[in-house]
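See below for the structure under consideration.
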Amino acid sequence: MLNRRNFLTAAVGVAAAAGLSACAKEDEGGSSGSSGGGSKKITLGFSQVGSESGWRSANTDSIKSAAKEAGYNLKFSDAQQKQENQISAIRSYIAQKVDVIAFSPVVVTGWDAVLKEAKAAKIPVILTDRSVETKDESLFVTLVGSDFTDEGRRAAKILEKVLDKAGHKGKVKIAQLEGTTGAAPAIERAKGFKEIMDAEHKDDWEIVVTQTGDFTRAGGKQVMAAFLQSNPDINVLYAHNDDMAIGAIQSIEAAGKKPGKDILIVSVDGVKDGFVAMSEGKINAIVECNPLLGPQLMEVVQTVKDGGTVERWIKTKESDFMQDQAKDALPTRKY
Ligand code: GZL
Numbered sequence: 232m233l234n235r236r237n238f239l240t241a242a243v244g245v246a247a248a249a250g251l252s253a254c255a256k257e258d259e260g261g262s263s264g265s266s267g268g269g270s271k272k273i274t275l276g277f278s279q280v281g282s283e284s285g286w287r288s289a290n291t292d293s294i295k296s297a298a299k300e301a302g303y304n305l306k307f308s309d310a311q312q313k314q315e316n317q318i319s320a321i322r323s324y325i326a327q328k329v330d331v332i333a334f335s336p337v338v339v340t341g342w343d344a345v346l347k348e349a350k351a352a353k354i355p356v357i358l359t360d361r362s363v364e365t366k367d368e369s370l371f372v373t374l375v376g377s378d379f380t381d382e383g384r385r386a387a388k389i390l391e392k393v394l395d396k397a398g399h400k401g402k403v404k405i406a407q408l409e410g411t412t413g414a415a416p417a418i419e420r421a422k423g424f425k426e427i428m429d430a431e432h433k434d435d436w437e438i439v440v441t442q443t444g445d446f447t448r449a450g451g452k453q454v455m456a457a458f459l460q461s462n463p464d465i466n467v468l469y470a471h472n473d474d475m476a477i478g479a480i481q482s483i484e485a486a487g488k489k490p491g492k493d494i495l496i497v498s499v500d501g502v503k504d505g506f507v508a509m510s511e512g513k514i515n516a517i518v519e520c521n522p523l524l525g526p527q528l529m530e531v532v533q534t535v536k537d538g539g540t541v542e543r544w545i546k547t548k549e550s551d552f553m554q555d556q557a558k559d560a561l562p563t564r565k566y
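For the sequence shown, my numbering begins at 232 and goes up steadily by one.
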């Protein structure tokens, strides 16, 4: 009996062979719809996680504009945060014989089979943003993206500054809004934060409640409301992205509390709306996670197509911002 996932995959496998594509929303981000193989233009097939956050939208814009700038033929699909849609899209790109496949894996596991199909088709795969768990290192060429574990460590270190600046006294009772369950940034931002907490704040910090908000504003708002019901003594929120923090702010205010004062907030990403919230005193610090990966990705695509070698991990550069830096930084923000 085919279950839904197998059925969809099988259906799309057949559809892809006919040059059709189902499930995910696909659009031609490049300048022409020609397939790979014979055309002189490099054809890049890109499977995007979804459009769940401001970060993701900026990431999509960067990839599309960089592909256009590079003169590549971009086949782009939005998986709406569903792994089966990404797998279908990758199979579709294999069937279309694109030159290179790139994608941001929504979760870390479950990729070996489809990546082995790409390898068998001799199509190089580049990871952007998020990584995968695999024992077979040959299944992808490189990862262009941030060190999420370090972002978690940086979030804990900047929380120390925030607490100090706020003159906080007493126990630090932390609510954690986690990213998408099983996603590399969610796993690693939690891990890095806990590393510092266990090493340097065993006695005074405690994560009293933690749950995924799926990287969305709606998720952050809904889960934070539940947190405040179950743990009214929360005095810090660590949100794995700005969109969840912005959603949480709505629930904090609805509960009659002041975000940035009654509940200190540290977030990750650094999207414009996060900086606006910081300039309004509602977020206390942001750990930047740079979404503008397009230019680096296109350079890697060219190098790979030219038969060159690239580092196994091309890390993005990023900074951290305290609330008092927000106003000056806002006009310079590129996403
Ligand atoms: C991080 C990226 C995360 C962002 C979220 O590189 O994968 O996904 O932090 C986005 O805003 O949804």
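Every residue, glycine too, gets a C-beta built ideally from N, C-alpha and C.
Quick check on DSSP: helix, strand or coil for Lys306?
Residue mapping note: residue 306 aligns to position 75 of the sequence shown, counting from 1. In the three-state DSSP reduction, Lys306 falls in the strand class (E or B).
Could you tell me the distance, in whole angstroms, from the CA atom of Phe379 to the CA atom of Asn466?
On the sequence shown, residue 379 is found 148 positions in, with the first residue counted as 1. On the sequence shown, residue 466 is found 235 positions in, with the first residue counted as 1. For the pair Phe379 and Asn466, the Cα-to-Cα distance works out to about 24 Å.
Alpha carbon of Arg564 to alpha carbon of Ala352, nearest angstrom:
Taking the sequence shown and counting its residues from 1, one reaches residue 564 at position 333. Taking the sequence shown and counting its residues from 1, one reaches residue 352 at position 121. For Arg564 and Ala352, the distance between alpha carbons rounds to 41 Å.
Buried versus exposed, by CB contacts within 10 Å (16 or more), Gly539:
Taking the first residue of the sequence shown as 1, we reach residue 539 at position 308. Exposed, by the Cβ-count rule.
For Asp551, which of helix, strand or coil comes out of DSSP?
As a working mapping, residue 551 is identified with position 320 in the sequence shown. Asp551 falls in the strand class under three-state DSSP.
Contacting residues, own chain, Cβ-Cβ under 6 Å from Leu374 (five flanking each side not counted):
Looking up residue 374 in the sequence shown gives position 143. Leu358, Ser362, Trp544, listed in sequence order.
Check Tyr324 in the structure and name its three-state DSSP category.
Taking the first residue of the sequence shown as position 1, residue 324 is located at position 93. In this structure, Tyr324 counts as helix in the three-state DSSP scheme.
Helix, strand or coil for Ile480, going by three-state DSSP, please let me know.
Taking the first residue of the sequence shown as position 1, residue 480 is located at position 249. Correct three-state label for Ile480: helix.
Cβ neighbours of Asp464 in the same chain (closer than 6 Å, five flanking residues each side left out)
Numbered from 1 along the sequence shown, position 233 holds the residue referred to as residue 464. So the list reads Lys404, once near-sequence residues are dropped.
According to DSSP, simplified to helix, strand and coil, what is Val331?
Along the sequence shown, one-based indexing puts residue 331 at 100. When DSSP states are grouped into helix, strand and coil, Val331 belongs to the strand group.
Measure the CB-CB distance between Ile332 and Ile354 and report whether it falls below 8 Å.
Position 101 of the sequence shown holds residue 332. Position 123 of the sequence shown holds residue 354. Between Ile332 and Ile354, the C-beta spacing is below 8 Å.
Mind checking which residues open and close the alpha helix (DSSP H) that includes Glu409?
Counted from its first residue, the sequence shown places residue 409 at position 178. Counting along the chain, Glu409 falls outside any alpha helix (DSSP H), though it belongs to the beta strand (DSSP E) covering 403 to 409.
Can you tell me whether Pro416 sits near the ligand GZL, meaning its C-beta is under 7 Å from at least one heavy atom of the ligand?
Mapped onto the sequence shown, residue 416 falls at position 185. Flag set: Cβ of Pro416 near the ligand GZL.
Could you check the C-alpha separation between Ala476 and Asp537 for me, to the nearest Å?
The residue you call residue 476 lines up with position 245 of the sequence shown. The residue you call residue 537 lines up with position 306 of the sequence shown. Each residue's alpha carbon lies about 43 Å from the other.
For Asp395, is the classification buried or exposed, using 16 other Cβ atoms within 10 angstroms of its Cβ as the cut-off for buried?
Residue numbering aside, residue 395 sits at position 164 when the sequence shown is read from its first letter. The residue is exposed, with fewer than 16 neighbouring Cβ atoms inside 10 Å.
Comparing C-alpha positions only, which one of Ala486, Lys488, Met509 sits nearest to Asp474?
In the sequence shown, residue 474 corresponds to position 243, counting from 1. Per the Cα distances, Met509.
For Glu519, list the residues DSSP reports as bridge partners.
Residue numbering aside, residue 519 sits at position 288 when the sequence shown is read from its first letter. For Glu519, the beta-bridge partners assigned by DSSP are Asp500.
What are the residues that DSSP puts in a beta bridge with Trp342?
Residue 342 sits at position 111 when you count from the first residue of the sequence shown. DSSP lists no bridge partner for Trp342.
Using a Cβ-Cβ cutoff of less than 7 Å, which residues in the same chain neighbour Ser293 once the five nearest sequence positions on both sides are dropped?
As a working mapping, residue 293 is identified with position 62 in the sequence shown. Closer than 7 Å at Cβ, skipping near neighbours: Pro522, Leu523, Leu524, Gly525.
Have a look at Asp343, Thr534, Gln527, Val439 and flag the residue whose alpha-carbon is nearest the alpha-carbon of Lys546.
In the sequence shown, the residue the question calls residue 546 occupies position 315. Checking every option, the nearest Cα to that of Lys546 belongs to Gln527.
What would DSSP say about Tyr566, mapped onto helix, strand or coil?
In the sequence shown, the residue the question calls residue 566 occupies position 335. Per DSSP, reduced to three states, the secondary structure at Tyr566 is coil, with no helix or strand assignment.
Among all the DSSP beta bridges, which residues are the ones paired with Pro490?
The residue you call residue 490 lines up with position 259 of the sequence shown. For Pro490, the pairing in a beta bridge is given by DSSP as Ile494.
Could you give the DSSP three-state label for Gly276: helix, strand or coil?
Stepping through the sequence shown from its first residue, residue 276 is reached at position 45. Three-state DSSP puts Gly276 in a strand.
Please state whether DSSP places Ala557 in a helix, a strand or coil.
In the sequence shown, counting from the first residue as 1, residue 557 sits at position 326. DSSP places Ala557 within a helical segment (H, G or I) once states are collapsed to three.
Need the endpoints of the beta strand (DSSP E) that Val440 sits in, please.
Taking the sequence shown and counting its residues from 1, the one referred to as residue 440 is at position 209. Note, Val440: beta strand (DSSP E), 436 to 443.
In three-state terms, what does DSSP make of Gly398?
Mapped onto the sequence shown, residue 398 falls at position 167. For Gly398, the three-state secondary structure derived from DSSP is coil.
Could you tell me the alpha carbon to alpha carbon distance between Val535 and Val541, rounded to whole angstroms?
The residue labelled residue 535 in the question sits at position 304 within the sequence shown. The residue labelled residue 541 in the question sits at position 310 within the sequence shown. Looking at the two C-alpha atoms, the distance is approximately 8 Å.
Look up Lys546 in the DSSP assignment and say whether it is helix, strand or coil.
As a first step, residue 546 is located in the sequence shown; it is residue number 315 there, counting from the start. It is a strand residue.
Option nearest Pro416 by Cα separation, candidates Ala470, Gly398, Leu390
Within the sequence shown, numbered from 1, the residue matching residue 416 stands at position 185. Its Cα nearest to that of Pro416, the residue Ala470 stands out among Ala470, Gly398, Leu390.
Ala447, DSSP secondary structure in three states
Along the sequence shown, one-based indexing puts residue 447 at 216. Correcting the residue type first, residue 447 is Thr in the shown sequence and not Ala. Here Thr447 carries a coil assignment [DSSP, helix/strand/coil].
Classify Ser308: buried if its beta carbon has 16 or more other beta carbons within 10 angstroms, exposed otherwise.
On the sequence shown, position 77 is the one that residue 308 refers to. Ser308 should be labelled buried.
Quick one: does the C-beta of Glu300 sit closer than 7 Å to a heavy atom of the ligand GZL?
Your numbering for residue 300 matches position 69 in the sequence shown. Residue side-chain check: Glu300 keeps its Cβ at 7 Å or more from all non-hydrogen atoms of the ligand GZL.
Indicate whether Val454 and Leu495 have their beta-carbon atoms separated by less than 8 Å.
For the purposes of this step, residue 454 is taken as the residue at position 223 of the sequence shown. For the purposes of this step, residue 495 is taken as the residue at position 264 of the sequence shown. Contact annotation: Val454 and Leu495 have beta-carbon atoms that are not nearer than 8 Å.
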